[in-house]
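Chains A and B are the protein sequences, given in the same order.
Note that the numbering used here numbers the first sequence so that position 23 is 25, with each residue one more than the last.
Note that the numbering used here numbers the second sequence so that position 197 is 208, with each residue one more than the last.
Read the structure below first, then the notes.
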Amino acid sequence: MGKIRVVVAKLGLDGHDRGARVISRFLRDAGMEVIYTGIRQSPEDVCRVALHEDADLIGVSILSGAHNALVPRLIAELERSALDIPVVVGGIVPDDDIDFLRSKGVRAVFTPGTPVEEIVKTVNAIVEEKRAG
Amino acid sequence: MRSLKKKERDKLIGDFRSGSVAALARLLSLCESESRSRRDLMSSIYPVENQPFVLGITGPAGAGKSSLINRLLFVFRKRFERIAVLAFDPTSKLTGGAFLGDRVRMAEHIKDEGVYIRSMADQGRAGGVGAGIHDTIGLLSAFGFEMVIVETVGTGQSESDVRLIADLVLVVLTPGFGDEIQAMKAGILELGDLFAVNKADQPDAERTETEIKASLALGRSQTAEAPPVFATVATQGRGVVELAGCLLEKYQELGREGVIDARRSKRVEAHVEEMLKEHCAMLVASEIKAFRTKRAKAAGRINPYRLAGALISKIFKAENNAKKD
Ligand SMILES: Nc1nc2c(ncn2[C@@H]2O[C@H](COP(=O)(O)OP(=O)(O)O)[C@@H](O)[C@H]2O)c(=O)[nH]1
Ligand SMILES: [Mg+2]
Numbered sequence: 003m004g005k006i007r008v009v010v011a012k013l014g015l016d017g018h019d020r021g022a023r024v025i026s027r028f029l030r031d032a033g034m035e036v037i038y039t040g041i042r043q044s045p046e047d048v049c050r051v052a053l054h055e056d057a058d059l060i061g062v063s064i065l066s067g068a069h070n071a072l073v074p075r076l077i078a079e080l081e082r083s084a085l086d087i088p089v090v091v092g093g094i095v096p097d098d099d100i101d102f103l104r105s106k107g108v109r110a111v112f113t114p115g116t117p118v119e120e121i122v123k124t125v126n127a128i129v130e131e132k133r134a135g
Numbered sequence: 012m013r014s015l016k017k018k019e020r021d022k023l024i025g026d027f028r029s030g031s032v033a034a035l036a037r038l039l040s041l042c043e044s045e046s047r048s049r050r051d052l053m054s055s056i057y058p059v060e061n062q063p064f065v066l067g068i069t070g071p072a073g074a075g076k077s078s079l080i081n082r083l084l085f086v087f088r089k090r091f092e093r094i095a096v097l098a099f100d101p102t103s104k105l106t107g108g109a110f111l112g113d114r115v116r117m118a119e120h121i122k123d124e125g126v127y128i129r130s131m132a133d134q135g136r137a138g139g140v141g142a143g144i145h146d147t148i149g150l151l152s153a154f155g156f157e158m159v160i161v162e163t164v165g166t167g168q169s170e171s172d173v174r175l176i177a178d179l180v181l182v183v184l185t186p187g188f189g190d191e192i193q194a195m196k197a198g199i200l201e202l203g204d205l206f207a208v209n210k211a212d213q214p215d216a217e218r219t220e221t222e223i224k225a226s227l228a229l230g231r232s233q234t235a236e237a238p239p240v241f242a243t244v245a246t247q248g249r250g251v252v253e254l255a256g257c258l259l260e261k262y263q264e265l266g267r268e269g270v271i272d273a274r275r276s277k278r279v280e281a282h283v284e285e286m287l288k289e290h291c292a293m294l295v296a297s298e299i300k301a302f303r304t305k306r307a308k309a310a311g312r313i314n315p316y317r318l319a320g321a322l323i324s325k326i327f328k329a330e331n332n333a334k335k336d
């Protein structure tokens, strides 16, 4: 099996990427190859990065509260590009929005305080399931 | 990577040939992993007619290699329709994971259909690039890229692999590096066809440039031309057009002199050698494992020369029979 390749993306206009960098480090320490996009990416940009990088999974880090608008756009863009890549979201997301995002196809939402082990376990499980095809 | 079924493989190669970036991206991943079927897979994309300009960029971590590539891309895109960037970062020895952040500096190019950027981990190799690099460049050539830029892991040591895989090597250094030159002696200075002193907006840039030029001239006959040195500021784009122009000129000059062809021959030679060694190493490992389990106890009574001879004949017989099947 090749290494799990995760694209960690910062969607939206806020310029803080501490959260994205912290989660990137955790995933790296769990043995994954983490490709970081940098801040202020559009859903279309992230989709292209995932295409180029042959990503197994996209982790979206979001703080701005614009998740309800941006994440579904990313998922739609992936579909349009015929890319079957699971999306997870990390950030401050209210409960109602979690249900909404999941209904749009987001595989998991990690709110602040989620233990690292749980994030790593979930990511591993989603990728394994997808690779098993 | 699990090995592909024949049908999957044929589809992937078909898609690749019709220009699917997704298929290219998938094949690049397959080539990086240890699959036994890699040689077969790669073999089926040859012969490759297209020979891209392979530019290697090396230098210490943080020198500004990725930032410089970002700027160079704008200039090179006026000349080349399609450019691929392979950006290597180190694999963590402890965990096997990697943080690949080079493309953050090149994010401006994401909407450009003519630029393909791929982040790669060096898999803990010492040479500054990953193990499947020959396959990777082969795939990018077959896909039709006119230029391939390889950013190596910046250890500051002499990354000899980049010399081997690139047509031309650019070494990126920074102000203050001058002091280290004496200590390094050969190494990185012998690696470059061209040099950039990046971060020329910082103090001491001129002095560093002078010192590097002096070191490069050292030990060269007066008629032999020393590699050019450029001052650049990647963040502002200063000196980049001049650097790009010189890189292209040098590539053409070396092409006319037959140097590029000679380097490519060396590259093919190294690739073949690597595959032969890899295969032999695998056979040797399995014989040694057998020795350990079956014969280790009687080691005192064994004639090692005879045993090695017998095993060599056995390996070659087995190989021959495998071929006949
Ligand atoms: N002051 C200054 N900073 C630069 C210059 N080029 C790059 N940098 C900064 O140096 C840091 C490392 O750059 P990067 O391109 O990632 O270096 P790499 O590790 O060699 O790829 C970044 O913060 C850049 O913004 C420059 O010419 N001047
Ligand atoms: Mg870099």
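Glycine included, every Cβ here is placed at the ideal spot set by N, Cα and C.
Just so we're clear, the structure is a prediction, and the values are computed from it rather than from any experiment.
| Query | Result |
| --- | --- |
| So with CB distances below 8 angstroms, who are the chain A contacts of B:Phe110? | Ser26, Arg27, Arg30, Val36, Tyr38 |
| Show which residues of chain B have a CB atom less than 7 angstroms away from the CB atom of A:Arg50. | Ile121 |
| Does DSSP classify A:Lys12 as helix, strand or coil? | strand |
| Is the beta carbon of B:Ser77 within less than 7 angstroms of some heavy atom of ligand 2? | yes |
| What residue range is occupied by the uninterrupted beta strand (DSSP E) comprising B:Val126? | 126-132 |
| Which two residues bound the contiguous beta strand (DSSP E) that contains B:Thr246? | Note, B:Thr246: premise wrong, no beta strand (DSSP E); not H, not E. |
| Check whether the Cβ of B:Glu162 lies closer than 7 angstroms to any heavy atom of ligand 2, and answer yes or no. | yes |
| Is any non-hydrogen atom of ligand 1 found closer than 7 angstroms to the C-beta of B:Val252, if you look at the structure I gave you? | no |
| Round the Cβ separation of B:Val159 and B:Val65 to the nearest angstrom and send it over; I've been treating them as touching at under 8 angstroms. | 5 angstroms |
| So A:Leu78 is in the alpha helix (DSSP H); what residue range does that whole segment cover? | Just to set this straight, residue 78 of chain A is Ala in the shown sequence, not Leu. Counting along the chain, the alpha helix (DSSP H) containing A:Ala78 begins and ends at 69-82. |
| Are the beta-carbon atoms of B:Ala245 and B:Ala237 separated by less than 8 angstroms? | no |
| Straight-line CA distance for A:His54 to A:Ser66? | 26 angstroms |
| For chain A, find out if any of its Cβ atoms is closer than 8 angstroms to the Cβ of B:Ile128; answer yes or no. | yes |
| Just the chain A side, please: which residues come within less than 8 angstroms of B:Thr106 by C-beta, in chain order? | Arg30, Asp31, Ala32, Gly33 |
| If A:Leu59 and A:Val125 are in contact, beta carbons under 8 angstroms, what's the gap, nearest whole angstrom? | 6 angstroms |
| Among B:Ala72, B:Met53, B:Lys104, which has the Cα closest to the Cα of B:Ala98? | B:Ala72 |
| Once the 5 residues before and after A:Ile128 are set aside, which same chain residues still bring their CB inside 8 angstroms of it? | Leu59, Pro88, Val90, Arg109, Ala110 |
| Just checking B:Asp133 against ligand 2 - is the residue's beta carbon closer than 7 angstroms to any of the ligand's heavy atoms? | no |
| Which residues in chain A sit within 8 angstroms of B:Ala132, going by Cβ to Cβ distance? | Lys5, Glu35 |
| If you draw a straight line from the alpha carbon of B:Val283 to that of B:Lys277, how long is it in whole angstroms? | 10 angstroms |
| Leaving out five residues on either side along the sequence, give the residues of the same chain with a beta carbon under 7 angstroms from the beta carbon of B:Lys74. | A small fix is needed here, since residue 74 of chain B is Ala in this sequence, not Lys. These residues qualify, in order along the chain: Gly165, Val183, Leu184, Thr185, Asn209. |
| Shorter than 8 angstroms from the beta carbon of A:Glu55 to some beta carbon of chain B? | yes |
| Among A:Ala134, A:Gly115, A:Phe28, which one has its Cα closest to the Cα of A:Gly61? | A:Phe28 |
| Is any heavy atom in ligand 1 found nearer than 7 angstroms to the beta carbon of B:Val180? | no |
| Residue range of the alpha helix (DSSP H) that B:Ser226 falls in? | 216-228 |
| Can you tell me whether B:Thr246 sits near ligand 1, meaning its C-beta is under 7 angstroms from at least one heavy atom of the ligand? | yes |
| For ligand 1, is there a heavy atom less than 7 angstroms away from the beta-carbon of B:Lys210? | yes |
| Are the C-beta atoms of B:Asp26 and some chain A residue less than 8 angstroms apart? | no |
| Taking the straight line between their C-alpha atoms, what separation do you get for B:Glu289 and B:Glu43? | 14 angstroms |
| With a cut-off of 8 angstroms, does the C-beta of A:Leu85 fall near any C-beta of chain B? | yes |
| With three or more C-beta pairs closer than 8 angstroms as the rule, is the segment 107-120 of chain B touching the segment 36-45 of chain A? | yes |
| So A:Gly4 is in the beta strand (DSSP E); what residue range does that whole segment cover? | That residue, A:Gly4, is in no beta strand (DSSP E); it is neither H nor E in DSSP. |
| With a threshold of 8 angstroms between beta-carbons, can A:Asp101 be considered close to chain B, or not? | no |
| Do A:Ile100 and A:Phe112 come within 8 angstroms of each other at the CB atom, strictly closer than that value? | no |
| Less than 7 angstroms separating the Cβ of B:Asp113 from some heavy atom of ligand 2? | yes |
| The alpha helix (DSSP H) that contains B:Gly256, what's its start and end? | 251-267 |
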